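Okay, structure first, notes after.
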């Protein structure tokens, strides 16, 4: 694997995704943590 392909793979994996309002609302229906605060996400991670 060349350094350029490695860099490209890392860039693609960390790239942020933009959602439309409709897509965001659908995501919130399926995943309650989508609109959780930072503290709530931390509690979910701890268990």
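Numbering (the UniProt record's numbering), first residue to last: 1 to 47.
Every residue, glycine too, gets a C-beta built ideally from N, C-alpha and C.
Every value quoted in this text rests on a predicted model; they were computed, and no experiment measured them.
Close beta carbons around residue i, own chain, < 7 Å, minus the five adjacent residues each side
i          : result
residue 34 : 27, 28
Range covered by the alpha helix (DSSP H) that runs through residue i
i          : result
residue 53 : Lying outside 1 to 47, the shown extent of the chain, residue 53 is not represented and no answer is given.
residue 19 : Neither: residue 19 is in no alpha helix (DSSP H) and is coded neither H nor E.
residue 5  : 3-14
Sequence-distant residues of the same chain with beta carbon closer than 6 Å to residue i, five excluded per side
i         : result
residue 6 : none
Residues near residue i by beta carbon distance below 8 Å, same chain, minus five either side
i          : result
residue 17 : none
residue 36 : 44
residue 41 : 33
Alpha-carbon spacing of residue i relative to residue j, whole angstroms
i          : j          : result
residue 25 : residue 15 : 21 Å
residue 11 : residue 2  : 14 Å
residue 13 : residue 22 : 24 Å
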